[in-house]
Amino acid sequence: AAPLEGRIEAVCEFLAAECQKCGREVPEDFKTRLLTNVHSAASVTFIVDMEVPMQVMQPKVIVLLGSLGRVRVAWYFYITDVVEPGLTTGPFVVKTLSSDLTDPEYDPSRDTFLEYTTSDTVWPVMCDVLLNDPH
189 AAPLEGRIEA VCEFLAAECQ KCGREVPEDF KTRLLTNVHS AASVTFIVDM
239 EVPMQVMQPK VIVLLGSLGR VRVAWYFYIT DVVEPGLTTG PFVVKTLSSD
289 LTDPEYDPSR DTFLEYTTSD TVWPVMCDVL LNDPH
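In our numbering, each number is its position in the sequence shown, counted from 1, plus 188.
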């Protein structure tokens with residue numbers, strides 16, 4: 189557990205330093221906010237809320253740092269409308285995006301809604317989706 193804890197601390201310190209360069213302070217509970225969003229089951233929440241068949245493929249999480257010092261967490265994953273055993277990709281890709289984790293008004297009990305987009309895709313590997321996402 190110690191090596192993982194050290195990496196998380198390093199990521200939080202890096203993000204805090206970068207936010208400070210933009211004149212934005214991270215809140216005291218920033219580490220908790222970040223971990224909650226990185227470890228949250230954004231894909232499961234999306235699937236349950238949208239009543240999509242329960243098959244998530246190649247989920248990827250990305251921590252985003254904006255030029256104004258805002259930090260958000262994005263999840264990318266494939267979904268399908270036809271569940272099949274052994275399926276590794278789907279015809280649709282979903283991207284969910286958290287609220288700004290540096291916002292002083294951020295409230296985890298209120299800010300659990302994730303913005304999302306869905307689109308059909310020709311990319312069978314999630315890394316290709318990430319590299320070609322225009323957003």
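A virtual CB, placed ideally from N, CA and C, is assigned to each residue, including glycine.
What you are looking at is a predicted structure, and each value in this text was computed from that prediction instead of being measured.
For residue i, list the residues DSSP reports as bridge partners.
{"i": "D308", "result": "F280"}
{"i": "F202", "result": "Looking at the DSSP assignment, F202 forms no beta bridge with any residue, so it has no partner."}
{"i": "I267", "result": "F280"}
{"i": "E303", "result": "L285"}
For residue i, which of helix, strand or coil comes out of DSSP?
{"i": "L319", "result": "helix"}
{"i": "R258", "result": "coil"}
{"i": "L285", "result": "strand"}
{"i": "M245", "result": "strand"}
{"i": "L252", "result": "strand"}
{"i": "E197", "result": "helix"}
{"i": "T290", "result": "coil"}
{"i": "D237", "result": "helix"}
{"i": "V313", "result": "coil"}
{"i": "R221", "result": "helix"}
{"i": "V214", "result": "coil"}
Alpha carbon to alpha carbon, what distance is there between residue j and residue i?
{"i": "V232", "j": "L285", "result": "14 Å"}
{"i": "Q246", "j": "A205", "result": "31 Å"}
{"i": "E239", "j": "Y264", "result": "18 Å"}
{"i": "T220", "j": "I196", "result": "10 Å"}
{"i": "V251", "j": "H227", "result": "12 Å"}
{"i": "D291", "j": "P215", "result": "8 Å"}
{"i": "Y303", "j": "S287", "result": "In the sequence on display, residue 303 carries Glu and not Tyr. Each residue's alpha carbon lies about 8 Å from the other."}
{"i": "V313", "j": "E293", "result": "37 Å"}
{"i": "V317", "j": "S255", "result": "23 Å"}
{"i": "W311", "j": "Q243", "result": "18 Å"}
{"i": "A198", "j": "K209", "result": "17 Å"}
{"i": "D237", "j": "G194", "result": "35 Å"}
List the whole-angstrom C-beta distance separating residue i from residue j, where the pair is believed to meet the contact cut-off of C-beta under 8 Å.
{"i": "E213", "j": "C207", "result": "7 Å"}
{"i": "P241", "j": "V281", "result": "Actually they are not in contact, since the Cβ atoms of P241 and V281 sit about 15 Å apart, beyond 8 Å."}
{"i": "L289", "j": "V259", "result": "5 Å"}
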